[in-house]
Structure formats: C-alpha cells, structure tokens
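The opening position of the sequence shown corresponds to residue 549 in the numbering used here, with each subsequent residue numbered one higher.
Just so it is clear, CB atoms sit at the ideal spot from N, CA and C, and this is done for glycine as well.
Working notes, beginning with the structure itself.
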Amino acid sequence: APAPAPAPIKKAPARTKLVGVVETIRVEVADAAAAGGSETLTLPDGRVVAFDVPTGVAAGDSFDVEVSRTTYDAANPAPLPKKNANITRDDLAAFFRAGVAAMEAPATRARLCDPAAAQRPGPQLVEVQQRGFDDLGIERKAGCAAASRVQADYAEDVELRALQKSFMATAQRAYITALDAMKPDKLTRKGALPRATVLEFFDACNTSMQLPETRKRLSDEFGRTKQPPNALIITIQKDMLETLGYEREWACSRLNKLGEDYPDDRELVAAMQHWAMTAQSACQQAMSEGDPALRPDSAEMRDIAELQTEARKELASMGAAARKAFLEGMGKKVQVFQKLNPPDRVRYVSKLPRAERLAFVKAQVLMMEQMNNASG
549 APAPAPAPIK KAPARTKLVG VVETIRVEVA DAAAAGGSET LTLPDGRVVA FDVPTGVAAG
609 DSFDVEVSRT TYDAANPAPL PKKNANITRD DLAAFFRAGV AAMEAPATRA RLCDPAAAQR
669 PGPQLVEVQQ RGFDDLGIER KAGCAAASRV QADYAEDVEL RALQKSFMAT AQRAYITALD
729 AMKPDKLTRK GALPRATVLE FFDACNTSMQ LPETRKRLSD EFGRTKQPPN ALIITIQKDM
789 LETLGYEREW ACSRLNKLGE DYPDDRELVA AMQHWAMTAQ SACQQAMSEG DPALRPDSAE
849 MRDIAELQTE ARKELASMGA AARKAFLEGM GKKVQVFQKL NPPDRVRYVS KLPRAERLAF
909 VKAQVLMMEQ MNNASG
C-alpha cells in the first residue's frame, strides 16, 4: 500500500522580504590624490557607483566597496525614470531659482567653509547644484547640458538668461568666499604642490576672473594706467596661492616646475592652458570695457582682425631671409609704436593708409610668432 501523504507544513507569516542584494567590488587607487575624496565608477552592467576613498591610501592600494542591487515590488516601487530629453524652459527656470536658494542657505555656506568637511568647496557646490536636477526628476548630465545651452537656446528669453546669470554669479561668489574663509594662518613653502591643489588653484583663478567685482577692478586699473592690467592679474593669482595656503613666490616657482613634478600629465597641461587663456581673456575684456575702440566688435578691431588674416597669408609665402629683412626695416617704427598704450596704438594704426596698416600688423604678427617659437 502506498505511504500516506505527509501532512502539509504550516508556514508562519513572513516577517521579512528580499528587497536587494549587497555586492562587493574591489577598487584600486590609481592616483594618491584621490585619498579622502569622493569618486564614481561605472560597472560593466552600466550602474554608476559613488563612494568615498579612505584617507591615507596610496597609488596601487585597493579597498572594498559595497554595492546594493535593489529589488522593487508593489510595496517598494521603482523610482520614476529621470527625464533626459524634452527639458523645458520652466524646468530650467525652476532649477536656477532653487539652485540660488540652496547655495545661499546658511547651512550650505557653513558646510562650504568647514575645513573639516570631507570635500573641498568646489565638489560640494557641484553636488548642491545637481541635487536640483534630482528634485526635478531630471538626469544630471542631460540637465547640465541643457543649462549650459541657455544663452544659445533661449537667446530672446531675458528672464531665463538673467536667472542663469544669477545662478552662475551666486556659485562663483560662494566658491571664492568659502576659499577665503578657509585660508590657513600658516603658509607652506616646501615640497611639491599637490596635484589636487594645482587644479583647484586653476579653477579658483578662473572663477575669480569671472566675478563682476574682479572685472571692474581690472577695468578700473586699465582706465587709470592705460596699460594692460597684467600686473594686477598676476597679483590676484598670487593672492589665490596664499588663500590656498602656499607662500606666493615659492608656489610660483613650483608652478614653473609642474612638468618635472607631474610629467606627461595631460589634464594638468590642459588646465594650465585654460587658466592662461582665461587670464588673457580677462585682460582683453578689461581693456575693451575701458575703451570702446578696443572692443572686439568695434570697427577698429574688426579692421585689425581682417589685416591679421591677410598678414598671415603674406608671411606664409615669405622665406626666413625676407622675414628678417622686413622686420629690420620696420624696427624703428615698431619701437615707437610699442611705447604707446593700447588705445593709442589702435588709433595710431587706424589713421594710417591701408598699406602701412598692413605692414604694422604684419610686423606684430611676426614678432608674436617669434616670441611663441622662443617660449616653445
């Protein structure tokens, strides 16, 4: 006879449920500058993992990071997919308004100025801003891209352009104010400049050059001296080195040795080039604001731009001997010209016959080429 069927086992009501699986990944440090900061990695399945790097780690060290794989059900629904297209004008306006309020909040300012914070002010500000996209259900990269295109996409929208300008100015001032508040009492003057500090220095200088108060200061200096405000720009840059905790002249000497301290570092090279270009642009803007004739859209500057194009074509067809003879023939005239301040140079050249204007511009282009070749 068959064995009797076993009595059914009575299950107790479940008191827990599976909502996720915790995985562990192993991360290796490629650059010791990451120590104590926050990083992200993209897994093979496309998930992006954010984590804090322990302090004191060196290049080659590894550590474990826990990664959660969430299981969603009716009681624990998945979040709505974030918007990465069709970001509206109202979305951007809301983002800018909320961002200004968040950056001006006393709690945010206190965290930015806290020397004991896990992150420097720059990364903190970026996170504060991008949380605004999270609150609006907008994917961060898509939101940043849309916000950066406001000037082009909404050229006639005065209100939205003003909101973006206010957002940018608030971020710039919050960043510089936090760095000033964190300035150490004792300045360092030994060792090498940490790579992270160099990058922060470039960012801070670029930000400072964009502040309306800095632009006015440079423009006023040009109006007073009638000379390019290069010396004042250098002073502002040296002040920033001390704000970050490094003696100005010693730090300048270390900046000149970045190629030795960080050979083949393309990111540093690109950052330094952008830093130099930003300073040059600030100088040119200060002069153009101080004298209408020096504005890029003035008739005088448009004429010089056209002459520069023509001068480069003519120089390209000249041999080394012809170039040398041409520059020697222009020597005395160029010496007198160089003694004039920038506005007077433009006015002087503008009054010359076209052939003489072209000769002066050609001499200027040739001298700049020789200077660049010598420095390179």
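Reduced DSSP secondary structure (H/G/I, E/B, other) of residue i
i: Asp612; result: strand
i: Ile520; result: Shown here, the chain extends from 549 to 924; a query on residue 520 therefore has no answer.
i: Ala954; result: As shown, the chain starts at 549 and ends at 924. That puts residue 954 outside it, with no answer to give.
i: Ile635; result: coil
i: Ser846; result: coil
i: Leu589; result: strand
i: Gly924; result: The predicted model places Gly924 with a pLDDT of 49, which falls under 50 and marks its position as unreliable, so this point remains unresolved.
Whole-number beta carbon distance between residue j and residue i, since they are thought to touch under 8 Å
i: Val615; j: Glu571; result: 5 Å
i: Arg743; j: Leu816; result: 7 Å
i: Thr791; j: Asp728; result: 6 Å
i: Phe908; j: Leu914; result: So it is not a contact: roughly 11 Å between Cβ atoms.
i: Gln677; j: Ala719; result: 7 Å
i: Leu766; j: Ile782; result: Contact doesn't hold; Cβ gap of about 12 Å is too wide.
i: Phe644; j: Leu711; result: 4 Å
i: Ala819; j: Leu741; result: Their Cβ separation, rounded to whole angstroms, is 13 Å, which puts Ala819 and Leu741 out of contact at 8 Å.
i: Leu660; j: Ala580; result: In fact, because the Cβ distance is near 25 Å, the residues do not count as touching under 8 Å.
i: Glu848; j: Val894; result: 5 Å
Nonlocal neighbours in the same chain, by C-beta distance under 6 Å from residue i, ignoring five residues either side
i: Pro663; result: Met730
i: Phe599; result: Val613
i: Arg796; result: Lys786, Leu789 and Glu790
i: Val897; result: Arg905 and Phe908
i: Asp576; result: Sequence inspection shows Glu at residue 576; the Asp mentioned does not correspond to that position. Closer than 6 Å at Cβ, skipping near neighbours: Ser610.
i: Gly680; result: Phe643, Ala646 and Gly647
i: Cys692; result: none
i: Thr590; result: Val596
i: Met916; result: none
i: Phe750; result: Ala819 and Trp823
Contact set for residue i: own chain, Cβ-Cβ below 8 Å, skip 5 residues either direction
i: Thr762; result: Ser756, Ile784 and Ala830
i: Cys753; result: Ile784, Gln785, Met788, Trp823, Thr826 and Ala827
i: Pro602; result: Ala583, Gly584 and Phe611
i: Ala717; result: Leu759 and Pro760
i: Ser714; result: Phe644 and Val648
i: Arg772; result: none
i: Thr588; result: Val596, Val597, Ala598 and Phe599
Spatial neighbours of residue i in its chain, beta-carbon cut-off 7 Å, leaving aside the 5 residues before and after
i: Glu862; result: Lys910
i: Ala694; result: Ile635 and Leu640
i: Gln918; result: none
i: Ala578; result: Ala607
i: Gln856; result: Val909 and Val913
i: Ser696; result: none
i: Ser923; result: Low confidence applies to Ser923: its pLDDT is 49, below 50, so where it sits in the model is not reliable, and the reading given next is rough at best. Here the set comprises nothing.
i: Asp701; result: none
i: Val882; result: Ala911
i: Ser801; result: none
i: Lys880; result: none
Under 8 Å, with one C-beta from each stretch per pair, do the region 737-750 and the region 693-705 reach the 3-pair mark? no
For the pair the region 659-674 and the region 635-643, tell me if three or more CB-CB distances fall below 8 Å. no
Could you tell me which whole alpha helix (DSSP H) segments of length 4 or greater appear in the region 765-832? 778-791, 796-803 and 806-809
How about the region 642-655 and the region 579-596: do they share at least three Cβ pairs that are nearer than 8 Å? no
Restricting to runs no shorter than 3 residues, where is the beta strand (DSSP E) found entirely within the region 692-768? none
Report yes or no: do three or more beta-carbon pairs, one from the region 804-811 and one from the region 871-882, lie closer than 8 Å? no
If we require 4 or more residues per run, which alpha helix (DSSP H) segments fall completely within the region 874-922? 879-886 and 890-898
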